[in-house]
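Q: One structure coming up, written as structure tokens, with questions to follow.
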Amino acid sequence: MTTAQFHSPASLADAVALLSDLGARPLAGGTDLIVQMRAGRAAAPAIVDLKRIPGLSGVRRSAEGGFIIGAATPCTALKADAALAAAWPGVVEGANLIGSVQVRNRATLAGNLCNASPAADSVPALITAGARCKVVGPAGEREMAVADIPVGPGRTSLAPGEVVSEIVLPAQSASGADAYLRLTPRTEMDIAIVGAGAWIELAADGSCTAAQVALGAVAPTARLVEAAGAALVGTRLDEAALAALSAACQAAAEPIDDKRGSAAYRIAMAGVLARRAVLKAAERAAARKKA
Amino acid sequence: MSRLHVTTTVNGDAQEFLCDPGATLLDVLRGPLGLTGSKEGCGSGDCGACTVTLDGAMVCSCLVLAAEAEGRRITTIEGMAEGGELHPLQQQFLKFGALQCGFCTPGVLVAAKALLDHNPDPTESEARYWLAGNLCRCTGYDKIIRAVMAAAAELRQDQSSKERSPA
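Chains as they are written, first to last, in the numbering used here: chain F, 1 to 291; chain V, 292 to 458.
Shown next, in the form of structure tokens:
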């Protein structure tokens, strides 16, 4: 693999300056970038390692009671953060389905997001959580919804030289919880043919007060299915509501047909997986309410 | 393209090397450092044959740039035996015949040791999931898992006998 330069800046400002060189690529876990460079699919005249920048590795609490996850934080560190894993189990489980332990010790949420695979396992739950991210670049700093970063397979809305520096999760509601499930032909080390993230909030009487559902691997990007969440609000997640949720997810799925799964199978499974993810999130929300 | 000077620790010993900016840690381990135990299977993080630990976390050394090793601690399969004495995992792999061609074995052993360092009493299912990133194309996984479970039991016993009779 060839690259002309390797930099490991000690500040975000230095990283942004280095990334303004044409074609320079940020390196977090490297589990996509290095593979793509070796395969000749990505050229990078310069690599800018983000892992030595203070504040970019690790999870901290936000002033609003949420979590700020540095762009260079590996997926396994999310699992090790007990408060994060309790508040946003779906986000943490999505991130910890990626690759192997070896890969998750390096791979990051920000990298999974910016690699912009339609099947990225961490993205649906970030979308249902309403996660936002901080983007820094030559023109300064801006904040964006995670959902607005990927725009197609391998493509993002980031401008040249911009990099995601943090992912920001809001505070979890006292009666809310999330879940992420994926379907793969193999048990491990495989790419989702459908992924479903769900966030559910329950009232004291068990009725659903708010819901978000997002699908992965069935469209060019992970997508929020607003009609699926809307089908649940005001119900007690009864059979009719769940059937409406499944139908909304199937209607929103526009998958490819490939060796991993046919389009018809992916559409059918989008409904099944979304239902299971919703029930799992609801079970967690009910448990949080009791706790 | 200028070569980079990197200072690091490999299996407890200070090491320094020169590398190209795009060289992987695996390239440097197997090349200038002469540590050929770590293997290159796929070069894309799928097979685990190049598994090493980096600051205690197991990683695929084919997906780490050598320059990233600056100031870090690396352990490889060469650091597993103590002098001439094989680690209990290595002994159990021999006893169970948990290898055939041996290409995956260094990576499996490094990953299995990382498992037992982190969880001395894994269930069989936990061991299988932990080792999912280490592919073996010869033996199937049954003997590997049996050897790992036997080594785990042996290490727990050694630990409890040490606790009973402190030196």
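Every residue gets a Cβ at the ideal spot worked out from N, C-alpha and C, and that includes glycine.
1) For the region 328 to 340 of chain V and the region 349 to 362 of chain V, state whether three or more C-beta atom pairs, one from each stretch, are separated by less than 8 Å.
2) Any residues in the region 305 to 337 of chain V with a beta carbon nearer than 8 Å to a beta carbon of chain F? Which ones, in chain order?
3) What are the boundary residues of the alpha helix (DSSP H) that includes F:Pro124?
4) So which of F:His7, F:Gly70 and F:Ala251 has the shortest CA-CA distance to F:Ile267?
5) Tell me, to the nearest whole angstrom, how far the beta carbon of F:Gly137 is from that of F:Val163; I am working on the premise that it is less than 8 Å.
6) With C-beta atoms as the reference, is V:Gly325 less than 8 Å away from F:Ser100?
7) Taking the alpha helix (DSSP H) that F:Gly140 falls in, what are its first and last residues?
8) Report, in whole angstroms, the separation of the C-beta atoms of F:Thr156 and F:Ala116, which I expect to be a contact under 8 Å.
9) Does DSSP classify V:His296 as helix, strand or coil?
10) Taking all protein chains shown into account, decide if V:Lys453 is buried (16 or more other Cβ within 10 angstroms of its Cβ) or exposed.
11) Give me, in chain order, the residues of the same chain whose beta-carbon lies closer than 7 Å to that of F:Ala10; leave out the 5 immediate sequence neighbours on both sides.
12) Is the Cβ of F:Ala72 closer than 8 Å to any Cβ of chain V?
13) Might you give, ordered along the chain, the residues of its own chain that have their beta carbon closer than 7 Å to the beta carbon of F:Pro347, omitting 5 neighbours on each side?
14) Thinking just about the alpha-carbon of each residue, which of F:Gly29, F:Ala227 and F:Val218 is nearest to the one in F:Arg260?
15) Measure the alpha-carbon distance for F:Ala248 versus F:Val233 and round it to whole angstroms.
16) Hey, does F:Gly111 have any beta-carbon neighbour from chain V nearer than 8 Å?
17) Can you tell me the Cα-Cα spacing of F:Ala63 and F:Phe6, whole angstroms?
18) Can you look up F:Ile200 in the DSSP assignment and give me helix, strand or coil?
19) Mind checking who F:Ile167 pairs with in its DSSP beta bridge?
20) According to DSSP, which residues form a beta bridge with F:Pro150?
21) Which chain V residues sit within Cβ distance under 7 Å of F:Met189?
22) Classify V:Tyr432 as helix, strand or coil using the three-state DSSP reduction.
23) Using DSSP's beta-bridge definition, name the partner residues of F:Val48.
24) Alpha carbon to alpha carbon, how far is V:Thr299 from V:Leu400?
25) Measure the Cβ-Cβ separation of F:Thr76 and F:Ala46 and say whether it is below 8 Å.
26) Can you pull the chain V residues whose beta carbon is under 7 Å from the beta carbon of F:Thr31, in chain order?
27) Given this structure, state the Cα-to-Cα distance separating F:Pro89 from F:Met144, to the nearest angstrom.
28) If the cut is a Cβ gap below 7 Å, which residues of chain F does V:Leu295 touch?
29) Going by C-alpha to C-alpha distance, which of V:Cys341, V:Glu361 and V:Gly328 sits closest to V:Phe308?
30) Using a Cβ-Cβ cutoff of 9 Å, what residues of the region 424 to 449 of chain V are near chain A? List them in chain order.
31) Taking F:Asp190 as the reference, which of F:Ala243, F:Lys134 and F:Asp121 has the closest Cα?
32) Out of V:Asp346, V:His296, V:Leu406 and V:Cys429, point me to the one whose CA is closest to V:Gly393's CA.
33) Taking the alpha-carbon positions, what's the V:Asp487 to V:Thr344 distance?
34) So which residues of chain V does F:Thr2 contact, with C-beta pairs closer than 9 Å?
35) Helix or strand or just coil, what does DSSP make of V:Phe394?
36) Go ahead and pull the three-state DSSP assignment for F:Gly176.
A: Reading it off the structure:
1) yes
2) Asp311, Pro312, Gly313, Ala314, Thr315, Gly334, Ser335, Gly336 and Asp337
3) Val123 to Thr128
4) F:Ala251
5) 7 Å
6) no
7) Premise fails: F:Gly140 lies in the beta strand (DSSP E), Gly140 to Ala145, not in any alpha helix (DSSP H).
8) 5 Å
9) strand
10) exposed
11) Arg52 and Ile53
12) no
13) Shown here, chain F extends from 1 to 291; a query on residue 347 of chain F therefore has no answer.
14) F:Val218
15) 14 Å
16) no
17) 35 Å
18) strand
19) F:Ile69 and F:Cys133
20) F:Thr156
21) Asp337, Ala423 and Gly424
22) coil
23) F:His7 and F:Pro26
24) 22 Å
25) no
26) Gly336 and Leu354
27) 22 Å
28) Phe6
29) V:Glu361
30) Structure shown: chain A not included; protein chains present are F and V.
31) F:Asp121
32) V:Cys429
33) No answer is possible for residue 487 of chain V: the residues shown for chain V start at 292 and end at 458.
34) Met292, Asp311, Pro312 and Gly313
35) coil
36) strand
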